[in-house]
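Asks: Please find one structure pasted underneath; my questions will follow.
Protein chains in written order, with my numbering: chain A, -5 to 427; chain U, 929 to 1022.
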């Protein structure tokens, strides 16, 4: 019976997605409970560190005046590496100062704490230190949650599942199949402290500006994944990850992988003299569109990592979660207005996602996870070939340039016959078009 | 930097009861020992799982809650539950 529940909505998980949903609903006057299993929002949460401004500004206009931002990203670099070479590309720009920054780095403990405080200020009831263990189901619809506390059942018209990667609640609610080990990556990273002046000198940055480096190739030792270096105000976030299925097969330990990355000859000079403040690990959804659960049903919506909303190629995740959280909130506001929380009404959430970059981008790259899982060796072969080709052309040793071109072509075809080259190109194009 | 030193940088609020159980110890001993060589002893980033010669020893208090073991155990033989509210890893930076 609509209107008989204790709350309009229960949100499970005070990360970017859950908090955006709670904030949107609370601001529109809905009664909202926001559960968080950490003692305070943020303490359970990890990401590489890059967040995007536009989606956050849709929820908190002028956020950049007050949010705990580390650095505004002004320089984005891509490295393809072998054991002892790097082929690099990059794009750098002068960020404008009058509108939300396009990209910026954050540390999730302070950031999530700030964001959740915004939802509280808007009227959401934050209940931290509480693990939601199950959903309550009656007559085929979800009517609330079961927490780990005594007498811990709470009922609401809507449950927003935002409990993050490898969501247990999605399983309990019967919305998705079990996730496979090739659909999730394990990422380890370290916070390495350095003075801000050293960071700015080393990465060639103006004060307050930041750099990002993504590193593909030999550093993942044949596994599908990549390493990264992101600049914070007075630290670097240095990490590396790969598919769980590849960790299972190779038996490489995550900490060895990270140590190898940190000692790569191109990486080590950037970290020199830094002090490791924290070692972190987290799962990142990699399954993409084809691994997504059902996004709505009667009395329930799923947002963010819990719904596999990660665009790995573009290292986007928290922005998808924030956009989806806002759309979940807007859907709830509509449901409240018409007094109907059934699946046909909540389908509006799926429609909003379909009309936005969230599902359009995830759909665009739906073939990519398969390619990455089955052809991880591409990440070894092509960086090596590219590096050798450039190295050959740059080495002045009396051999003519035409002969050098012949050598490069011979080496290429020795490693990869022409039909494989064509197939790689076709599959790459198909996965990314 | 060794894993022990890395874990030394972390803070937990420890629960007395474990949130991790091995469902069937004989699966680790026999099938996993021959077919997979117990990958949990390698992929767990907090070195929670070690082989003591007869069974998997679980240092649950090291767990950083990444859930890799839930997916990475080839036999889904690790019964991993979320720690009780407020307990477990407490990141300082995130």
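All residues carry an ideal CB built from backbone N, CA and C; glycine is no exception.
Where in the stretch 288 to 334 of chain A do unbroken runs of the beta strand (DSSP E), each at least 3 residues long, occur, reported from the N-terminal end onward?
Replies: Here the runs fully enclosed are 294 to 296.
Asks: Measuring CB to CB, does residue 226 (chain A) end up less than 8 Å from residue 21 (chain A)?
Replies: No; because the gap between Cβ atoms is not below 8 Å, this pair is not in contact.
Asks: Can you tell which of U:1007, U:946, U:956 and U:1001 has its C-alpha closest to the C-alpha of residue 982 (chain U)?
Replies: If we check each option's Cα against that of residue 982 (chain U), U:956 comes out closest.
Asks: Would you report the Cα separation of residue -4 (chain A) and residue 152 (chain A), rounded to the nearest angstrom?
Replies: With a pLDDT of 40 at residue -4 (chain A), under the threshold of 50, the modelled position of this residue cannot be trusted; read the value that follows with caution. Going by the C-alpha atoms only, they are around 11 Å apart.
Asks: Taking 8 Å as the CB-CB limit, is residue 31 (chain A) close to chain U?
Replies: Output row for residue 31 (chain A): interface = yes.
Asks: To the nearest angstrom, how far is it from the Cα of residue 29 (chain A) to the Cα of residue 385 (chain A)?
Replies: Computed Cα separation, rounded: 55 Å.
Asks: Under a Cβ-count criterion, where at least 16 other Cβ atoms within 10 Å of its own Cβ denotes burial, should residue 10 (chain A) be classed as buried or exposed?
Replies: Buried is the call here.
Asks: May I have a chain-ordered list of the beta strand (DSSP E) segments no shorter than 3 residues that lie completely inside the stretch 929 to 997 of chain U?
Replies: If we require 3 residues or more, the beta strand (DSSP E) runs fully inside the stretch 929 to 997 of chain U come out as 948 to 950, 977 to 979 and 984 to 986.
Asks: Would you say residue 951 (chain U) reaches chain A, if we count a Cβ-Cβ gap shorter than 8 Å as a contact?
Replies: No, its Cβ sits nowhere closer than 8 Å to a Cβ of chain A.
Asks: Within the 8 Å Cβ cut-off, does residue 273 (chain A) reach chain U?
Replies: For residue 273 (chain A), the answer is yes, since a Cβ of chain U falls inside 8 Å of its Cβ.
Asks: Taking only beta-carbon positions, decide if residue 5 (chain A) is within less than 8 Å of chain U.
Replies: No - not a single Cβ of chain U is within 8 Å of the one on residue 5 (chain A).
Asks: Please work out which residues of its chain come closer than 6 Å, Cβ to Cβ, to residue 273 (chain A), disregarding the five sequence neighbours upstream and downstream, and give them in chain order.
Replies: Closer than 6 Å at the Cβ level, and outside the excluded window around residue 273 (chain A), lie 184.
Asks: Hey, how far is the Cα of residue 116 (chain A) from the Cα of residue 109 (chain A)?
Replies: Approximately 11 Å, taken between the alpha carbons.
Asks: Can you list, in chain order, the residues of the stretch 264 to 294 of chain A whose Cβ is nearer than 7 Å to any Cβ on chain U?
Replies: So the close ones are 270, 271, 272, 273, 274, 275, 276 and 277.
Asks: Tell me which residue opens and which closes the alpha helix (DSSP H) that residue 387 (chain A) is part of.
Replies: Looking at the DSSP string, the run of the alpha helix (DSSP H) that includes residue 387 (chain A) is 372 to 388.
Asks: Taking residue 969 (chain U) as the reference, which of A:278, A:355 and A:244 has the closest Cα?
Replies: It is A:244 whose Cα lies nearest to the Cα of residue 969 (chain U).
Asks: Using alpha carbons as the reference points, say which of A:401, A:39 and A:313 lies closest to residue 52 (chain A).
Replies: Considering only alpha carbons, the answer is A:313.
Asks: Under 8 Å, CB to CB, which of the residues in the stretch 134 to 168 of chain A have a partner in chain U?
Replies: Listed by position, the residues of the stretch 134 to 168 of chain A near chain U (Cβ gap below 8 Å) are 141, 142, 143, 159, 160 and 162.
Asks: Run through chain U and tell me which residues come within less than 8 Å of residue 39 (chain A), C-beta to C-beta.
Replies: Here the neighbours are 1019 and 1022.
Asks: Quick check: residue 421 (chain A) and residue 365 (chain A), are their CB atoms within less than 8 Å of each other?
Replies: Yes, these two residues count as a Cβ contact at 8 Å.
Asks: Could you tell me the alpha carbon to alpha carbon distance between residue 999 (chain U) and residue 158 (chain A), rounded to whole angstroms?
Replies: Those two C-alpha atoms are separated by around 15 Å.
Asks: Pull out every residue of the stretch 109 to 134 of chain A whose Cβ sits closer than 8 Å to any Cβ of chain U, in chain order.
Replies: The residues in question are 122, 123, 124, 125 and 127.
Asks: Please list the terminal residues of the continuous beta strand (DSSP E) segment that includes residue 398 (chain A).
Replies: No beta strand (DSSP E) contains residue 398 (chain A), which is instead part of the alpha helix (DSSP H) from 395 to 409.
Asks: So the candidates are U:979, U:1007 and U:973; which of them puts its Cα closest to the Cα of residue 179 (chain A)?
Replies: For the residues U:979, U:1007 and U:973, the minimum Cα distance to residue 179 (chain A) belongs to U:973.
Asks: Give the DSSP bridge partners of residue 428 (chain A), in chain order.
Replies: The shown model of chain A, from -5 to 427, leaves out residue 428 (chain A), and the question about it has no answer.
Asks: Can you say whether residue 394 (chain A) is buried or exposed, counting buried as having 16 or more other CB atoms within 10 angstroms of its CB?
Replies: Residue 394 (chain A) should be labelled exposed.
Asks: With residue 106 (chain A) as the anchor, note down where its beta strand (DSSP E) starts and where it stops.
Replies: That residue, residue 106 (chain A), is in no beta strand (DSSP E); its alpha helix (DSSP H) goes 102 to 115.
Asks: Any beta-carbon of chain A closer than 8 Å to the one on residue 985 (chain U)?
Replies: No, because no Cβ of chain A sits closer than 8 Å to the Cβ of residue 985 (chain U).
Asks: Tell me, which residues are paired with residue 80 (chain A) by DSSP?
Replies: BP columns for residue 80 (chain A) point to A:75.
Asks: Determine the chain A residues that contact residue 982 (chain U) at a beta-carbon separation under 9 Å, and present them in chain order.
Replies: What residue 982 (chain U) touches in chain A: nothing, since even the nearest Cβ is about 21 Å away.
Asks: At what residue ranges does the stretch 176 to 222 of chain A contain a whole run of the alpha helix (DSSP H), taking only runs of 4 or more?
Replies: Those alpha helix (DSSP H) runs which fall completely within the stretch 176 to 222 of chain A and span 4+ residues are 190 to 197.
Asks: Under 8 Å between C-beta atoms, does residue 948 (chain U) make it to chain A?
Replies: False, the Cβ-Cβ gap to chain A never drops below 8 Å.
Asks: Taking 8 Å as the threshold (beta carbon to beta carbon), is residue -3 (chain A) in contact with chain U?
Replies: Reliability fails at residue -3 (chain A), whose pLDDT of 42 lies under 50, so the model's placement of it is uncertain and the value that follows must be treated cautiously. Taking Cβ atoms only, chain U never reaches closer than 8 Å to residue -3 (chain A), which makes this a no.
Asks: Please determine if the stretch 994 to 1014 of chain U and the stretch 156 to 176 of chain A are in contact, where contact requires at least 3 C-beta pairs separated by less than 8 Å.
Replies: The stretch 994 to 1014 of chain U vs the stretch 156 to 176 of chain A: in contact.
Asks: Whole-angstrom Cβ separation of residue 277 (chain A) and residue 995 (chain U), contact assumed at under 8 Å?
Replies: Confirmed, Cβ separation roughly 5 Å.
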